[in-house]
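Structure first, commentary second.
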Amino acid sequence: MLYADDTVLLADSLEKLQIQLNRFIESAVKVGLLPNALKSCTLNIQTNPGRKEFFVAKEPFATMNGVKVPTVSVGAAYKYLGLKVTHEGYAQSDVLGDYQYQLTRGRYSKGYLSSINREVEKFVRSNLGLFHDTTKSFINAAIASSGLGIKNLEDQITLLRVERRGKLESSPYPSVRLASTSVRKMLSLKSPTVNGVECKSQSQYSSLKGKGAL
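Our numbering applies: residue 2 is where the sequence shown begins, and numbers increase by one.
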């Protein structure tokens with residue numbers, strides 16, 4: 002699989018993969034490119050027929066120009082097109098980033114964002130066995146602040162919109178500043194308030210939320 006400068010080679014044996022890798026390097030060199038072994042990685046999934054299971058081998062097995070290519074362990078992940086991939090497929094944590102991207106740029110009301118928050122909180126309480134009166138601040142506070150680190154989507158999207166609007170309005174390009182007026186209404190949401198302070202950035206919001214959770 003090839004997309005821009007991201008390449009994935011697949012094979013049903015270690016020997017065949019090394020052959021593919023050698024051919025890829027030879028082709029890259031012809032156009033002035035030299036793949037870096039230390040910026041690459043391998044994922045070696047082996048089977049155990051006797052126990053009807055599979056496992057991820059951790060020993061490096063491939064080389065690039067004499068340098069061993071690091072191997073992804075069962076608990077690690079590698080990035081392809083900016084997304085983390087493990088032996089189980091794409092890491093589910095990346096879903097939130099894509100969701101935030103859509104919500105930040107689309108027309109969504111605070112009511113809609115609030116309804117998503119309620120579903121997330123319900124799911125968290127149910128799966129972690131938390132009491133029904135567990136505070137939202139505990140769920141939303143950062144892990145470093147003794148919380149669960151699950152962001153309040155309503156506040157998060159609002160802050161992302163505020164920051165995006167600010168970047169558009171302060172752009173060095175006149176055409177972008179002019180175009181920002183057409184999306185100003187769509188990106189206009191009242192900034193979240195924490196302990197009586199109206200937050201203007203994610204860092205300010207996280208800091209105040211953290212103090213409230215301690």
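Glycine residues also receive a C-beta, built at the ideal position from the N, C-alpha and C atoms.
Check                                                                                                                                                               : Outcome
Count the other CB atoms, across all protein chains shown, that sit within 10 Å of the CB of Lys-53; report buried if there are 16 or more and exposed otherwise.   : exposed
Taking buried to mean at least 16 other C-beta atoms within 10 Å of its own C-beta, is Val-195 buried or exposed?                                                   : buried
What are the partner residues of Gln-47, as DSSP defines its beta bridges?                                                                                          : Phe-56
Around the C-beta of Val-32, are 16 or more other C-beta atoms found within 10 angstroms, so that it is buried, or is it exposed?                                   : exposed
Would you mind giving the Cβ-Cβ distance between Val-70 and Ala-38, rounded to the nearest angstrom? I have them listed as a contact below 8 Å.                     : 5 Å
Please state if the CB of Glu-122 and the CB of Ile-144 are separated by a distance shorter than 8 Å.                                                               : no
Please confirm whether Thr-48 and Val-73 have their CB atoms less than 8 Å apart.                                                                                   : no
Should Ser-204 be labelled buried (16 or more other beta-carbon atoms within 10 Å of its own) or exposed?                                                           : exposed
By DSSP, does Thr-194 sit in helix, in strand, or in coil?                                                                                                          : strand
Would Asn-103 be called buried (16 or more neighbouring beta carbons within 10 Å of its own) or exposed?                                                            : In the sequence under discussion, the amino acid at residue 103 is Gln, which differs from the Asn named in the question. So Gln-103 counts as exposed.
What's the call for Glu-120, buried or exposed, on a 16-neighbour Cβ count within 10 Å?                                                                             : exposed
When you compare each of Asn-118, Val-68, Ile-46, Thr-64 to Phe-56 by their alpha carbons, which one comes out closest?                                             : Ile-46
Assign Asp-13 to one of two classes, buried (16 or more other C-beta atoms within 10 Å of its C-beta) or exposed (fewer than that).                                 : exposed
What span of residues does the alpha helix (DSSP H) with Ile-158 cover, start to end?                                                                               : 154-170
Please list, in chain order, all residues of the same chain as Pro-61 whose beta carbon is under 8 Å from its beta carbon, the five residues on each side excluded. : Thr-43, Lys-69, Val-70, Pro-71, Thr-72
Which of helix, strand or coil does DSSP assign to Leu-215?                                                                                                         : Annotation note: pLDDT 43 at Leu-215 (below 50); position unreliable, coordinate value reported separately. In this structure, Leu-215 counts as coil in the three-state DSSP scheme.
Going straight from the alpha carbon of Lys-17 to that of Leu-34, what length do you get?                                                                           : 22 Å
Tell whether a beta-carbon distance below 8 Å holds between Ser-147 and Arg-166.                                                                                    : no
If you follow the alpha helix (DSSP H) that Ala-29 is in, where does it begin and where does it stop?                                                               : 15-31
Just curious, the alpha helix (DSSP H) that Lys-137 is in, first and last residue?                                                                                  : 137-141
Using the Cβ count rule (16 or more neighbours within 10 Å means buried), how would you classify Asn-118?                                                           : buried
Which value, in whole angstroms, describes the spacing of the CA atoms of Ile-158 and Thr-105?                                                                      : 6 Å
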